[in-house]
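Chains as they are written, first to last, in the working numbering: chain A, 179 to 632; chain G, 179 to 632.
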């Protein structure tokens with residue numbers, strides 16, 4: 179990264195005198211020098227704020243909060259935005275933040291970051307390793323959050339001291355993505371889709387180099403259901419297990435039957451179907467010599483192909499019924515959450531054009547190892563209940579792999595050693611700021627994207 | 179149960195004036211009336227103390243403490259014994275109690291009760307339901323503890339005011355039976371087997387009517403191992419499970435392979451072999467969409483037939499190795515605890531004779547639905563390290579099933595609704611007091627029973 183003084187010298191004279199390491203502003207008043215594109219101005223502004231963005235991200239990484247508990251995180255975001263001169267508003271949940279900037283009479287462009295961490299160990303050997311036992315930003319939401327917080331300062335400067343913003347920009351810091359609750363809640367309770375013509379999200383992606391952006395149209399995240407299988411029994415002494423009271427025995431067979439049945443179901447689908455059914459959590463019992471009275475499996479059911487996905491819950495239910503009948507075990511519940519839709523991008527060319535304008539064509543990659551996960555960002559495109567989604571939606575994959583490391587060797591999302599290159603928060607800030615500052619011809623038909631919903 | 183006044187009138191005149199509901203003494207000074215056997219005296223003394231024993235038991239039931247945490251329980255026992263005029267000593271662990279009474283120059287008869295509860299819910303609808311969430315006296319140790327505490331008062335009275343005790347009686351209140359630690363610890367640390375010629379234990383048994391005692395020679399509890407299976411993996415996102423990273427999938431198959439393999443091993447053994455391998459606890463993972471990095475199963479491996487039992491751990495290990503090789507999954511640990519030996523009774527006729535002397539022949543049952551569990555009471559017979567066991571050992575099954583309920587319908591040990599008839603604490607007190615007060619011709623050879631050890 180170039181040194182601050184060499185980047186800014188001769189372009190933004192006020193910056194040199196005003197910038198301090200904890201300053202999220204980067205003045206857009208030009209006093210002299212050549213004219214550059216807005217995106218190049220933003221890129222240079224980001225370089226100046228990169229250290230601060232990195233530090234903000236590292237604070238979140240050290241103090242991660244799991245889904246439904248993002249109080250400190252929201253407070254930190256709120257404080258930082260307020261210090262930037264914005265007037266942030268707490269989400270009704272107290273765990274999210276909204277801030278707006280730009281002309282009030284223009285359509286709204288939503289910039290969205292999720293802010294929650296995961297209940298898992300952080301096993302990284304880094305100074306910003308989590309201090310909270312069993313909680314880790316293993317999905318990199320800390321990086322995108324720091325990016326959007328710092329983009330806010332840049333956008334505020336463009337609005338106040340620079341050429342102005344083409345649209346009203348609404349920055350949405352969303353909690354509880356990992357449990358697929360936060361997006362729907364903020365859309366319902368906080369009106370984050372009101373007048374929205376576009377919604378732009380971003381995610382840390384461990385299969386793209388830091389400094390590059392994965393941009394494409396169509397499905398960028400799969401649809402998925404949360405699945406919960408609960409077995410119940412009378413319990414008892416471990417010396418007298420029976421086929422229906424030994425819940426760990428019957429549960430092991432039950433879970434295997436569902437996994438193998440869904441694999442059978444997936445066989446013959448094309449690679450686009452990307453089937454994945456797996457449990458992330460299972461447990462029951464307190465003592466080795468007492469049969470448990472309850473045993474629970476929690477997992478996710480995912481299919482990239484929407485048509486196949488529609489059939490999957492029914493198949494899962496019938497597999498469970500078959501197993502239960504065969505095993506003579508009836509005391510179970512199979513709960514399948516209503517689906518989170520796929521995230522389907524609709525304006526990749528525009529996004530690519532804007533991102534390359536500031537940093538050159540090499541920063542955008544249009545083909546990359548695709549994620550198979552899901553994200554409730556999808557609801558920003560589909561809408562919720564009677565609230566229409568934004569007609570334009572783009573979910574950008576922000577590269578986080580450090581220079582020199584083969585892409586395939588970077589720890590994957592949701593691993594104990596997942597990390598993002600320290601520069602990634604700045605790259606995320608560039609992405610968000612460019613998306614907020616660039617003039618697009620957004621469509622007016624706000625109901626258009628709802629047909630993509632399940 | 180007869181009213182106190184009608185029982186005691188004309189037999190023990192001091193009792194009538196001295197007895198209060200919280201008094202554990204029952205004076206053995208006779209002032210007039212017919213002569214009765216010592217055991218009948220004890221039986222009548224127990225009736226007088228039955229309400230107090232019931233209340234003491236109900237206090238333990240309301241305030242259960244799981245294995246390794248029996249501090250309050252030990253303190254309550256200590257206080258009650260001290261109030262009875264005994265000089266109880268805390269175990270070195272602070273979680274057990276020892277008290278002695280009777281002539282110091284005589285061999286020692288150990289009366290042992292275990293005092294720990296289980297980590298499980300108490301779902302009984304009774305006034306003495308556990309107030310501690312997730313902890314329950316589901317094995318009835320509260321009942322035997324109350325019995326032994328109240329036997330102590332009777333034995334102290336016989337020693338001081340009555341005909342005297344034939345042996346030194348050492349009452350041992352042992353913690354951590356459910357985790358098979360307490361007996362060995364008290365034998366090593368507290369010398370509870372020093373000079374012991376007999377060790378008498380008792381247990382609540384849900385297949386015998388309250389007021390009756392199950393008495394037999396030979397194996398009364400099976401031998402068992404604690405088994406722990408730990409799987410480890412790199413974790414990851416639930417959208418990209420693989421055969422070796424999806425620990426709940428591989429764990430379900432692994433546990434099933436071990437269960438089915440051990441059933442195969444057990445087939446062809448006689449009913450005496452009583453094979454039982456089951457898991458009481460399993461778990462791993464924190465989030466439905468994050469593959470766990472560790473998954474653990476905890477269970478017990480039991481065989482009534484000692485010869486078969488000796489072969490079981492090796493078989494289990496080879497089943498695990500076979501599964502791992504077949505599945506291409508090598509990152510596991512199979513930990514099999516050193517065995518708890520079977521409890522093998524050696525003096526049933528003497529015990530039966532003494533118990534019937536006070537309450538008639540019907541109180542002893544010699545054939546009953548046998549327990550298949552284990553108890554570290556076994557170490558009182560086998561000894562530990564170089565410390566020899568007691569040559570005489572008897573572990574009595576104390577009936578707890580209320581009048582009118584079919585024996586097979588009473589909730590089994592380690593269930594959330596396991597309970598003991600309110601009279602059972604008194605019946606346990608009778609058993610312990612008779613065992614402590616009766617003159618037996620104990621063998622002098624203190625090493626004899628060690629051959630029964632594994």
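Backbone N, C-alpha and C fix where the C-beta goes; we use that ideal spot for every residue, glycine too. Computed from a prediction, not measured in an experiment: that's the story for all the values here.
In this structure residue 435 (chain G) is not in contact with residue 479 (chain G), their Cβ atoms being roughly 15 Å apart against a cut-off of 8 Å. Ranked by how close their Cα comes to the Cα of residue 492 (chain G), the residues G:440, G:231, G:483, G:343 have G:440 in first place. The Cβ atoms of residue 468 (chain A) and residue 298 (chain G) sit closer than 9 Å to each other. Non-local C-beta neighbours of residue 397 (chain A) in its own chain, meaning closer than 6 Å and more than five positions away in sequence, comprise 520, 522, ordered along the chain. In the DSSP assignment, residue 491 (chain A) falls within the alpha helix (DSSP H) that extends over 484-505.
In the three-state scheme derived from DSSP, where H, G and I count as helix and E and B as strand, residue 457 (chain G) is classed as strand. Any Cβ of chain G closer than 9 Å to the Cβ of residue 389 (chain A) would place that residue at the interface, and such an atom is absent. For a Cβ distance threshold of 8 Å, residue set 454, 550, 590 of chain G lies close to residue 418 (chain A), ordered along the chain. With a beta-carbon spacing of about 5 Å, residue 474 (chain G) and residue 408 (chain G) fall inside the 8 Å limit used to define contacts. Between the segment 503-514 of chain G and the segment 595-608 of chain G there are fewer than three C-beta pairs closer than 8 Å, too few to call the two in contact. Using a CB distance cut-off of 9 Å, residue 460 (chain G) counts as an interface residue toward chain A. Secondary structure of residue 295 (chain G) (DSSP, three-state): strand. If you check each beta-carbon in the segment 335-362 of chain A against every beta-carbon of chain G, the ones closer than 7 Å belong to 356.
In this structure, the beta-carbon distance from residue 542 (chain A) to residue 393 (chain A) falls below 9 Å. Below 8 Å, too few C-beta pairs join the segment 349-367 of chain G and the segment 531-538 of chain G to call them touching: fewer than three. Residue pairing for residue 478 (chain G): DSSP places it in a beta bridge opposite G:404, G:456. Membership of residue 235 (chain A) in the alpha helix (DSSP H) is indicated by the continuous run 216-240.
Per DSSP, residue 560 (chain G) is one residue of the alpha helix (DSSP H) stretching across 556-560. Residue 254 (chain A) sits in a helix when the DSSP states are folded into three classes.
Residues of chain G whose Cβ lies closer than 7 Å to the Cβ of residue 519 (chain A) do not exist; the shortest such Cβ separation is about 15 Å. Check the Cα spacing between residue 583 (chain G) and each of G:575, G:597, G:264: the tightest is with G:597. Here residue 431 (chain G) carries a helix assignment [DSSP, helix/strand/coil].
Only buried fits residue 390 (chain A), as 16 or more other CB atoms lie within 10 angstroms of its CB. Between residue 294 (chain G) and residue 341 (chain G), the CB-CB gap reaches or exceeds 9 Å. Residue 230 (chain G) and residue 326 (chain G) have their C-alpha atoms spaced approximately 12 Å apart. Each residue's CA atom was taken as its position, placing residue 291 (chain G) and residue 607 (chain G) some 11 Å apart. Boundaries of the beta strand (DSSP E) harbouring residue 397 (chain G): 396-399, taken from the DSSP string. When C-beta distances to chain A are compared with 8 Å, the residues of the segment 582-608 of chain G below that value are 590, 591, 592, 593, 594, in chain order.
Identification of chain A residues near residue 431 (chain G) by a Cβ-Cβ cut-off of 8 Å yields 430, 434, ordered along the chain.
Contact annotation for residue 510 (chain G) against chain A: no contact, minimum CB-CB distance about 15 Å [criterion: below 7 Å].
Apart from sequence neighbours up to five positions away, the residues of its chain that approach residue 460 (chain A) with a beta-carbon distance below 6 Å are 475, ordered along the chain. Relative to the Cα of residue 271 (chain G), the nearest Cα in the group G:559, G:572, G:248 belongs to G:248.
Counting the other CB atoms within 10 Å of its CB gives residue 311 (chain A) a total below 16, which places it among the exposed residues.
DSSP places residue 447 (chain A) in the coil class of the three-state scheme, outside both helix and strand.
Ranked by Cα distance from residue 525 (chain G), the first of G:517, G:570, G:556, G:503 is G:570. Exposure of residue 504 (chain G) is indicated by the presence of fewer than 16 other C-beta atoms within 10 angstroms of its C-beta.
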